[in-house]
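J.: In this note's numbering, the protein residues as written are 217 to 330. Following this message is one structure expressed as structure tokens.
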């Protein structure tokens with residue numbers, strides 16, 4: 217018979233937090249992105265990236281299935297956008313929608329089918 221002195225310790229309960237629900241479930245490998253020098257083409261500043269570097273940035277920032285929507289003449293509230301866009305575009309899986317800039321909305325999809 218087990219007594220309190222030689223029994224197993226109580227199990228540690230992991231309580232999910234809001235932050236844990238936002239973080240991706242799978243860990244993606246992190247590759248360092250080098251700082252590039254600015255070059256000038258026709259007197260305009262330009263940064264040149266290799267295709268492999270762009271692919272790494274897309275994966276690291278979780279932009280593999282991302283779409284940017286632009287509102288030219290004003291835009292509705294973010295909550296309204298989050299309700300309307302999945303219905304309008306018939307998105308079946310989970311998606312994250314947020315403001316990117318003044319008139320731009322970033323839609324992060326989870327599946328290629330959407």
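Positions of the beta carbon are idealized from the N, C-alpha and C atoms, including for glycine.
1) If residue 296 and residue 321 are in contact, beta carbons under 8 Å, what's the gap, nearest whole angstrom?
2) How many Å lie between residue 251 and residue 257 at the Cα?
3) Out of 265, 310, 287, state which residue places its alpha-carbon closest to the alpha-carbon of residue 317.
4) Tell me residue 258's beta-bridge partners as DSSP assigns them.
5) So the beta strand (DSSP E) residue 299 belongs to, where does it begin and stop?
6) Can you tell me whether DSSP reads residue 267 as helix, strand or coil?
7) At what residues does the beta strand (DSSP E) containing residue 282 begin and finish?
T.: The answer reads as follows:
1) On the chain shown, residue 296 is found 80 positions in, with the first residue counted as 1. On the chain shown, residue 321 is found 105 positions in, with the first residue counted as 1. Contact flag wrong, Cβ pair sits at about 11 Å.
2) Position 35 of the chain shown holds residue 251. Position 41 of the chain shown holds residue 257. Their backbone Cα atoms lie some 19 Å apart in a straight line.
3) Numbered from its first residue, the chain shown carries residue 317 at position 101. Checked all of 265, 310, 287; the closest Cα to residue 317 is 287.
4) Mapped onto the chain shown, residue 258 falls at position 42. Bridge partners of residue 258: none, in fact.
5) What you label residue 299 is simply residue 83 of the chain shown in a count that begins at 1. Looking at the DSSP string, residue 299 is not in any beta strand (DSSP E); the run it does join, the alpha helix (DSSP H), is 294-304.
6) Within the chain shown, the letter at position 51 stands for residue 267. Helix at residue 267.
7) Within the chain shown, numbered from 1, the residue matching residue 282 stands at position 66. 282-286 is the span of the beta strand (DSSP E), which, as asked, contains residue 282.
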